[in-house]
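The structure appears right after this line, and notes come after that.
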Amino acid sequence: MYNAKAYSATSATSPLAAATIARRDPSEHDVQLEILFCGICHSDLHQVRNEWSAMMPTAYPIVPGHEIVGRVTKAGSAVANFKPGDLAAVGCLVDSDRTCPACQAGLEQFCPNLVLTFNTPDKHLGGVTYGGYSESIVVDERFVLRVPANLNLAGTAPLLCAGITTYSPMRHWRVTKGKKVGVVGLGGLGHMGVKFAHALGAHVVVFTTSPNKKDDALRLGADEAVVSRNESEMQKHAGSFDFILDAVSAEHDINAYINLLGHNGNITLVGAPPKPLAVAGFGLLFGRRSLSGSLIGGLPETQEMLDFCGAHNITADVEVIPIQKANEAYERMLRSDVKYRFSIDMASLRSE
Ligand SMILES: NC(=O)c1ccc[n+]([C@@H]2O[C@H](COP(=O)([O-])OP(=O)(O)OC[C@H]3O[C@@H](n4cnc5c(N)ncnc54)[C@H](OP(=O)(O)O)[C@@H]3O)[C@@H](O)[C@H]2O)c1
Ligand SMILES: [Zn+2]
Ligand SMILES: [Zn+2]
Numbered sequence: 009m010y011n012a013k014a015y016s017a018t019s020a021t022s023p024l025a026a027a028t029i030a031r032r033d034p035s036e037h038d039v040q041l042e043i044l045f046c047g048i049c050h051s052d053l054h055q056v057r058n059e060w061s062a063m064m065p066t067a068y069p070i071v072p073g074h075e076i077v078g079r080v081t082k083a084g085s086a087v088a089n090f091k092p093g094d095l096a097a098v099g100c101l102v103d104s105d106r107t108c109p110a111c112q113a114g115l116e117q118f119c120p121n122l123v124l125t126f127n128t129p130d131k132h133l134g135g136v137t138y139g140g141y142s143e144s145i146v147v148d149e150r151f152v153l154r155v156p157a158n159l160n161l162a163g164t165a166p167l168l169c170a171g172i173t174t175y176s177p178m179r180h181w182r183v184t185k186g187k188k189v190g191v192v193g194l195g196g197l198g199h200m201g202v203k204f205a206h207a208l209g210a211h212v213v214v215f216t217t218s219p220n221k222k223d224d225a226l227r228l229g230a231d232e233a234v235v236s237r238n239e240s241e242m243q244k245h246a247g248s249f250d251f252i253l254d255a256v257s258a259e260h261d262i263n264a265y266i267n268l269l270g271h272n273g274n275i276t277l278v279g280a281p282p283k284p285l286a287v288a289g290f291g292l293l294f295g296r297r298s299l300s301g302s303l304i305g306g307l308p309e310t311q312e313m314l315d316f317c318g319a320h321n322i323t324a325d326v327e328v329i330p331i332q333k334a335n336e337a338y339e340r341m342l343r344s345d346v347k348y349r350f351s352i353d354m355a356s357l358r359s360e
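Residue numbering for the sequence shown follows this note's numbering, beginning at 9 and increasing consecutively.
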């Protein structure tokens, strides 16, 4: 065991503050990373504030962060694919049982025994796992990803959650050229959804509640941008979409988007608002439309996504901040005041 600097919250109402945490010494299969950048995902905020208490209550203290890019400082004797000095990344998962059908299919995110990067019982040290708002982390090689050499590292960190969470459903629902695709909510996830849908060749329409994001939506790769509070703009798209990705973090009317789907169209929910959404069944019946969900992605697909980003030169648009600004960043994220992801420069923690 060794001590590492981190930022943690001790209750649902306390701010993130400097703390010291224990990390395990790397075993033969482990990789130890010096964390260079960690993205701020809205899921970090939901869990720091225990907003998902019904589904996954938060154990305090919590060290959030699951969009991690770093440099390998140690690799155990049985580690095959990483050596000290390599760039590497860790996303939302750090372990699973590796034997269940989901794991065998490379869908570790659906493993009944998955271990999330933070707030999941830690079988090595007891307590719960601690995430990426920290100077280092130790993870089994199987859950460590390779980072394409050409990508900006601060902008690569958010790919580990915002990237895979939007890439995976688009691949599953076969977003390609000739498809009309909507993205609801231009935040961290949404802006990655726009980049992927555009790179996959679709006609992309962004739905935003923030009129000042319209120009950005087009710059990010959207063909059209609609202010969702404008009824007549919404109506122009009724019944026309093949696929819509809903990446909204708060309560909203999903029926307005179901009605924009064509027949056999699908809307996939990746946003995780704490309160249940009301769904009008008739919107689904007419047109045999479907509503589904999607959760991050498994290890093979996460690597595929990173390689896709390397090949297409895709990273997140980030505002790099020191960790001391994390609490302020949470407030700004709640006001939709981030273009489009905060990425913490972990040098700010090391020098604290
Ligand atoms: N399924 C998964 O595996 C997974 C993975 C990661 C995150 N998530 C969840 O996905 C959600 C989005 O995460 P994020 O990190 O992208 O958050 P984010 O950066 O805060 O973006 C959320 C966006 O939703 C829109 N929005 C916010 N409040 C709204 C409201 N009241 N009504 C309508 N639109 C609203 C805003 O976009 P506009 O300004 O454009 O309207 C905002 O930028 C969160 O709930 C997060 O927990 C799920
Ligand atoms: Zn996330
Ligand atoms: Zn499993």
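Backbone N, C-alpha and C fix where the C-beta goes; we use that ideal spot for every residue, glycine too. The structure displayed is predicted, hence computed values, not measured ones.
- prompt: Straight-line CA distance for residue 238 to residue 331?
  reply: Your numbering for residue 238 matches position 230 in the sequence shown. Your numbering for residue 331 matches position 323 in the sequence shown. If you draw a straight line from the Cα of residue 238 to the Cα of residue 331, it comes to about 38 Å.
message: Measuring only from the beta carbon, is residue 54 closer than 8 Å to any heavy atom that is part of ligand 1?
response: Position 46 of the sequence shown, counted from the first residue, corresponds to residue 54. Under cutoff, so the answer is yes.
- prompt: Which partner residues of residue 26 appear in the DSSP bridge assignment?
  reply: Taking the first residue of the sequence shown as position 1, residue 26 is located at position 18. DSSP output for residue 26 lists 15 as bridge partner(s).
query: Does the beta carbon of residue 148 fall short of 8 Å from some heavy atom of ligand 5?
result: As presented, the structure is devoid of ligand 5, carrying ligand 1, ligand 2 and ligand 3 as its sole ligands.
query: To which residues of the same chain is residue 295 closer than 8 Å at the C-beta, ignoring the five residues directly before and after it?
result: Reading the sequence shown from its first residue, position 287 is the one you call residue 295. Cβ within range, chain order: 247, 269, 270, 271, 272, 273.
query: Nearest CA to the CA of residue 282: which residue from 151, 26, 11, 60?
result: Here residue 282 refers to the residue found at position 274 of the sequence shown. Nearest C-alpha to residue 282: 60.
- request: For residue 300, count neighbouring C-beta atoms within 10 Å of its own C-beta (all shown protein chains included) and say buried if the count is 16 or more, exposed if not.
  value: Residue numbering aside, residue 300 sits at position 292 when the sequence shown is read from its first letter. Residue 300 should be labelled exposed.
- prompt: Since residue 38 sits in a beta bridge, which residues does DSSP pair it with?
  reply: On the sequence shown, position 30 is the one that residue 38 refers to. Partner(s): 148.
- request: Would you check if there are 3 or more beta carbon pairs closer than 8 Å linking the region 121-133 to the region 65-83?
  value: Result yes; three or more Cβ-Cβ pairs closer than 8 Å.
message: With a threshold of 7 Å on Cβ separation, who are the neighbours of residue 205 within its own chain once the five nearest residues in sequence on each side are excluded?
response: In the sequence shown, the residue the question calls residue 205 occupies position 197. Excluding sequence positions up to five before and after residue 205, its CB lies within less than 7 Å of the CB of 178, 183, 189, 191, 212, all in the same chain and listed in chain order.
task: List the residues that DSSP assigns as beta-bridge partners of residue 304.
output: The count along the sequence shown starts at 1 and reaches residue 304 at position 296. DSSP output for residue 304 lists no bridge partner at all.
task: Note down, in chain order, each residue of its chain lying with its Cβ closer than 8 Å to the Cβ of residue 202, except the 5 sequence neighbours on either side.
output: Within the sequence shown, the letter at position 194 stands for residue 202. So the list reads 191, 194, 212, 214, 225, 228, 229, 230, once near-sequence residues are dropped.
Cα-Cα separation between residue 315 and residue 160, rounded to whole angstroms: In the sequence shown, counting from the first residue as 1, residue 315 sits at position 307. In the sequence shown, counting from the first residue as 1, residue 160 sits at position 152. Going by the C-alpha atoms only, they are around 14 Å apart.
- prompt: Among all residues, which have a Cβ less than 5 Å from at least one non-hydrogen atom of ligand 2, and in what chain order do they fall?
  reply: Going by the Cβ distance cut-off, the answer is 49, 51, 169.
- prompt: Where residue 346 and residue 265 are concerned, what is the direct C-alpha to C-alpha distance, given to the nearest angstrom?
  reply: Walking along the sequence shown from the start, residue 346 turns up at place 338. Walking along the sequence shown from the start, residue 265 turns up at place 257. Taking C-alpha positions only, residue 346 is separated from residue 265 by approximately 24 Å.
task: Let me know the secondary structure DSSP gives residue 363 once reduced to three states.
output: One cannot answer for residue 363 here, as it falls past the ends of the chain, which runs 9 to 360.
message: Taking the straight line between their C-alpha atoms, what separation do you get for residue 285 and residue 63?
response: In the sequence shown, counting from the first residue as 1, residue 285 sits at position 277. In the sequence shown, counting from the first residue as 1, residue 63 sits at position 55. Roughly 15 Å separates the two Cα atoms.
task: Could you tell me if the beta carbon of residue 308 falls within a distance shorter than 8 Å of some heavy atom in ligand 3?
output: Taking the sequence shown and counting its residues from 1, one reaches residue 308 at position 300. No, Cβ of residue 308 sits at least 8 Å from all heavy atoms of ligand 3.
task: Grab the span of the beta strand (DSSP E) containing residue 274 for me, first residue to last.
output: Taking the sequence shown and counting its residues from 1, the one referred to as residue 274 is at position 266. Counting along the chain, the beta strand (DSSP E) containing residue 274 begins and ends at 269-277.
- prompt: Do you know offhand how far residue 38's Cα is from residue 145's?
  reply: The sequence position of residue 38 within the sequence shown is 30, counting from 1. The sequence position of residue 145 within the sequence shown is 137, counting from 1. For residue 38 and residue 145, the distance between alpha carbons rounds to 10 Å.
- request: Determine the contact status of residue 96 and residue 152, defining contact as a CB-CB distance below 9 Å.
  value: Position 88 of the sequence shown, counting from 1, holds the residue named residue 96. Position 144 of the sequence shown, counting from 1, holds the residue named residue 152. Yes, they are a contact pair.
- prompt: Nearest-angstrom Cα distance between residue 15 and residue 219?
  reply: Looking up residue 15 in the sequence shown gives position 7. Looking up residue 219 in the sequence shown gives position 211. Those two C-alpha atoms are separated by around 34 Å.
Residues near residue 82 by beta carbon distance below 6 Å, same chain, minus five either side: Here the question's residue 82 lines up with position 74 in the sequence shown. 34, 40.
query: What did DSSP end up calling residue 309 once you bin it into helix, strand or coil?
result: Reading the sequence shown from its first residue, position 301 is the one you call residue 309. Residue state, collapsed to three classes: helix.
field: For residue 188, the first and last residue of its enclosing beta strand (DSSP E)
entry: Mapped onto the sequence shown, residue 188 falls at position 180. If you look at residue 188, you'll find it in the beta strand (DSSP E) that goes 188-192.
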